[in-house]
Amino acid sequence: MALGVHSGENKLALLLLQNLIRYRVVDAESRAEGALLLGALLYSWQFPHFNALSWNLRPDYSRAGYRMMSVTDPDLCRRVALRHSIIITALCLASPWTGAVSWIFAADTLPLNLYLVWCSYQFYEKADSQSSRKLFRLSLIHLPALILLMIFGKQHPKPALMRPETRPADRPLAGATAAVIL
Numbered sequence: 003m004a005l006g007v008h009s010g011e012n013k014l015a016l017l018l019l020q021n022l023i024r025y026r027v028v029d030a031e032s033r034a035e036g037a038l039l040l041g042a043l044l045y046s047w048q049f050p051h052f053n054a055l056s057w058n059l060r061p062d063y064s065r066a067g068y069r070m071m072s073v074t075d076p077d078l079c080r081r082v083a084l085r086h087s088i089i090i091t092a093l094c095l096a097s098p099w100t101g102a103v104s105w106i107f108a109a110d111t112l113p114l115n116l117y118l119v120w121c122s123y124q125f126y127e128k129a130d131s132q133s134s135r136k137l138f139r140l141s142l143i144h145l146p147a148l149i150l151l152m153i154f155g156k157q158h159p160k161p162a163l164m165r166p167e168t169r170p171a172d173r174p175l176a177g178a179t180a181a182v183i184l
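In this text, residue positions in the sequence shown follow the working numbering: the first is 3, and each later residue adds one.
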């Protein structure tokens with residue numbers, strides 16, 4: 003196996019691990035949920051992006067002998083792009099429950115993700131070069147926009163004094179301290 007090439011079943015695990023490390027380097031107090039969310043979004047984003055890209059290059063891939071999904075199973079290629087666009091939307095809507103991002107993130111990403119689903123649906127239905135180009139171009143701005151919205155919508159941990167588990171308990175003063183106050 004060449005350096006940097008990994009088998010399919012290990013790709014997701016490796017991607018999630020890399021993002022967990024990167025996320026922790028940037029913010030040591032962050033929770034793992036944010037890194038897992040980022041990894042899952044990156045994993046799902048690649049399918050609409052690369053399937054749309056490979057659609058217009060099918061003749062070239064076929065002549066070169068590459069077994070791309072767009073060549074071997076065009077219907078599956080389009081279904082997978084649509085499926086992962088829907089998964090991205092679901093991940094963004096469910097992400098505030100992880101505590102990694104705020105509800106503002108879910109609201110801000112919804113129009114962008116619905117447009118991605120719409121373009122993926124058009125690609126699925128029409129299966130032409132125009133719809134694949136439109137989906138591909140959208141995917142180029144979709145990921146950076148999603149990451150920026152994730153940064154701006156990040157849930158910041160409360161300072162230690164604000165957390166209920168770190169506040170001093172309300173207890174009566176004992177001994178000499180109580181006498182001084184009285």
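Virtual Cβ for every residue (Gly too), placed ideally from N, Cα, C.
Problem set entry | Within 8 angstroms, strictly: CB atoms of Leu140 and Leu118 | yes
Exercise. Can you tell which of Met71, Gln132 and Leu114 has the C-alpha that lies nearest to the C-alpha of Ile143?
Worked result: Leu114
Problem set entry | Val103: first and last residue of the uninterrupted alpha helix (DSSP H) it sits in | Val103 -> no alpha helix (DSSP H), and no H or E assigned at all.
Problem set entry | Within the region 52 to 116, ranges of the beta strand (DSSP E) (whole runs, at least 3 residues) | none
Exercise. Quick check: the region 34 to 44 against the region 95 to 108, are there 3 or more CB pairs under 8 angstroms?
Worked result: yes
Exercise. For Leu151, does the count of other Cβ atoms within 10 angstroms reach 16, so buried, or fall short, so exposed?
Worked result: buried
Exercise. Just reading off the alpha helix (DSSP H) that Gln132 is part of, what are its end residues?
Worked result: Ser131 to Phe154
Problem set entry | Where Gly155 falls, given that 16 or more other Cβ within 10 Å makes a residue buried | buried
For this session: Would you mind sorting Asp77 into buried or exposed? The rule is 16 or more other CB atoms within 10 Å of its CB.
Result: exposed
Exercise. Exposed or buried, Thr74, counting other C-beta atoms within 10 Å across all chains shown (16 or more means buried)?
Worked result: exposed
For this session: Report yes if the C-beta of Phe49 is less than 7 angstroms from at least one heavy atom of the ligand MN; otherwise report no.
Result: As far as ligands go, the structure on display features none, and thus does not contain the ligand MN.
For this session: Look at Ser122 and Ala96 and say whether their C-beta atoms are less than 8 angstroms apart.
Result: no
For this session: Within its chain, find whatever has a CB closer than 6 angstroms to the CB of Ser134; leave out the 5 residues flanking it on each side and keep chain order.
Result: Ala54, Trp57, Asn58 and Phe125
For this session: Measure the alpha-carbon distance for Tyr68 versus Gln157 and round it to whole angstroms.
Result: 44 angstroms
Exercise. Got a sec? Which residues, its chain only, sit under 8 angstroms from Met71 by beta carbon, not counting five neighbours each side?
Worked result: Asn53, Ser56, Leu78, Cys79 and Val82
Exercise. When the Cα atoms are used, what is the spatial distance from Ala66 to Asp110?
Worked result: 42 angstroms
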